[in-house]
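These protein sequence lines map, in sequence, to chains H and L. Mapping of the first sequence onto the working numbering: residues -12 to 102, in sequence order. Mapping of the second sequence onto the working numbering: residues 10 to 121, in sequence order. Following: one structure in structure tokens, then a few remarks.
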Amino acid sequence: EAGVAQSPRYKIIEKRQSVAFWCNPISGHATLYWYQQILGQGPKLLIQFQNNGVVDDSQLPKDRFSAERLKGVDSTLKIQPAKLEDSAVYLCASTASGVLSYEQYFGPGTRLTVT
Amino acid sequence: KQEVTQIPAALSVPEGENLVLNCSFTDSAIYNLQWFRQDPGKGLTSLLLIQSSQREQTSGRLNASLDKSSGRSTLYIAASQPGDSATYLCAVNTGTASKLTFGTGTRLQVTL
Chain H
-12 EAGVAQSPRY KIIEKRQSVA FWCNPISGHA TLYWYQQILG QGPKLLIQFQ NNGVVDDSQL
48 PKDRFSAERL KGVDSTLKIQ PAKLEDSAVY LCASTASGVL SYEQYFGPGT RLTVT
Chain L
10 KQEVTQIPAA LSVPEGENLV LNCSFTDSAI YNLQWFRQDP GKGLTSLLLI QSSQREQTSG
70 RLNASLDKSS GRSTLYIAAS QPGDSATYLC AVNTGTASKL TFGTGTRLQV TL
């Protein structure tokens, strides 16, 4: 079984530029999450999708961050314009539906550096 | 609001030692608790998941316990090896939306 895929693995941009990250969850997983992990901290949930609907985006800075999961499979997270404090690792995770454990499986992450 | 704390923040032990990592959480109404491992520059690898109705889970040299009423979990690593060096994160799943709240992690170094 293939794991959660993310691309790119690394990205360096200047502040005020835009950037997009892509995630493909494990096949059949209905729930998809985007987390932001700042160096030295634990991951923080940005947005959660159930199929193509948003379940929780309370911690997503909506003035600059957006995310979509149009067909209920892969997802894109966008930042526009980027700020220095957006430098972090962006992690994607997924969970199967109808499974009591709700165990989350994580991708390798995208390391973003904003200069 | 759920808050998760991990102690110690960093730990260095010689190879072969048994060790315990601690995790505490403020809201005991959790669905489950997961322990993860994170290697530098990598994503998270799930180690153990404990449902709220369980007291412990074991996988190889790892044993995780859960005391929901006191808001505590421990991860026990037996006979530590240099390959165990990584950051260990605990996360609690609160509520029906399967939302994880993470601690800040314990950075473990096992020396030869």
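All C-beta atoms in this analysis are idealised placements derived from N, C-alpha and C, irrespective of residue type, glycine included.
Item	Value
Just curious, the beta strand (DSSP E) that SER62 of chain H is in, first and last residue?	62 to 66
Step through the CB atoms of chain H and report whether any lies within less than 9 Å of the CB of GLY92 of chain L.	no
Helix, strand or coil for GLY92 of chain L? Go by DSSP, reduced to three states.	helix
Would you say LEU58 of chain L reaches chain H, if we count a Cβ-Cβ gap shorter than 9 Å as a contact?	yes
Rounded to whole angstroms, what is the Cα-Cα separation between ALA19 of chain L and ARG70 of chain L?	20 Å
Closest by CA to THR120 of chain L, which one among L:ILE39, L:CYS99, L:THR113, L:GLN90?	L:GLN90
Take SER78 of chain L and list the residues in its own chain whose beta-carbon comes closer than 8 Å to its own, dropping the five residues that flank it on each side.	SER37
Taking only beta-carbon positions, decide if ARG98 of chain H is within less than 9 Å of chain L.	yes
With DSSP as the reference, label GLU72 of chain H as helix, strand or coil.	helix
Does the CB of TYR40 of chain L have a neighbour CB from chain H at under 9 Å?	yes
Decide if ASP73 of chain H is buried, meaning its Cβ has at least 16 other Cβ atoms within 10 Å, or exposed.	buried
For ASP48 of chain L, tell me which candidate among H:GLY96, H:THR100, H:THR102, H:VAL101 has the shortest Cα-Cα distance.	H:GLY96
Return the chain-ordered ranges of every beta strand (DSSP E) run that is complete within the segment 42 to 67 of chain L and spans a minimum of 3 residues.	53 to 60
Answer yes or no: do LYS2 of chain H and VAL76 of chain H have a C-beta to C-beta separation smaller than 9 Å?	no
Return the CA-CA distance between ASN115 of chain L and TYR92 of chain H, expressed in angstroms with no decimal places.	It is worth fixing the name first, because residue 115 of chain L is Thr in this sequence and not Asn. Each residue's alpha carbon lies about 20 Å from the other.
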